[in-house]
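Report on one structure; see the data block that follows.
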Amino acid sequence: MKTTLINLVLLLAVSSASGQALKESEVPMAVRQAFAKQFSAVNGVKWSKESDTEYEAEFKTAGAEQSANFDSAGKWLITETEVPAKSLPAAVQATLKKDFEKYKLEEAEKAETPDRGTFYEIELEQGEKSMVVQITPAGKVLKTEEAKEEGKKKD
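Just so we're aligned, residue 0 is where the sequence shown starts under numbering that gives the first Met the number 0, counting upward by one.
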């Protein structure tokens, strides 16, 4: 019984950490309109609520997985696009090789924001340790943080 309760608590924690799945009709009209304006040719969108004021759309374009986040008023916050490691700019690859050579690259995303411009968000692992590093296209490290357990990414 105790094990069942612990498993239930863990399941609920993981479910809530990854965002609450939503039907499109549950997403505010302002968010849907802003998304449609910015991504007019996209179909098959999966919506989730990341927080009380943030919504995320997950979709594919040209075979690449993407996500776009908006606040409840429809203001665009960030778009992330998965990219293969070999497609990272040379300066980003050089920084990873120089500063994080003992880590294995697990996932790379190109992030675009209205206020911070473009940067790359790289998930790295070394044994049991995971981290997320944000690097500019020029190779400057913006942020390094230990990754969360679920999804191993902290935004």
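Each residue gets a CB set at the ideal place from its N, CA and C atoms; glycine is no exception.
Check, Outcome
"Three-state secondary structure (DSSP) at Thr80?", "strand"
"Looking at the structure shown, is Ala56 part of a helix, part of a strand, or coil, going by DSSP?", "strand"
"Measure from the alpha carbon of Glu55 to the alpha carbon of each residue in Ser47, Ala61, Lys109, then state which is nearest.", "Ser47"
"Do Ile77 and Thr52 count as a contact pair if the criterion is CB distance below 7 angstroms?", "no"
"Leaving aside the five residues before and after Ser71 along the sequence, list all residues of the same chain whose C-beta is less than 6 angstroms from its C-beta, in chain order.", "Pro27, Thr52"
"Taking the C-alpha atoms as reference points, what is the distance between Ile121 and Glu100?", "13 angstroms"
"Kindly indicate which three-state DSSP category Ser86 falls into: helix, strand or coil?", "helix"
"Confirm, please, whether the CB-CB distance from Phe118 to Thr94 is below 7 angstroms.", "no"
"In whole angstroms, give me the CA-to-CA distance for Glu127 and Gln133.", "20 angstroms"
"For Trp75 and Val131, what's the separation of their Cα atoms in angstroms?", "22 angstroms"
"Quick one: Cα of Ala146 to Cα of Glu124, how far?", "9 angstroms"
"Rounded to whole angstroms, what's the CA-CA distance from Gln37 to Gly18? Just pull it up for me.", "22 angstroms"
"What's the gap between the Cα of Lys45 and the Cα of Ala20?", "8 angstroms"
"Measure the CB-CB distance between Glu81 and Ala63 and report whether it falls below 7 angstroms.", "yes"
"If you follow the alpha helix (DSSP H) that Val30 is part of, which residue opens it and which one closes it?", "28-37"
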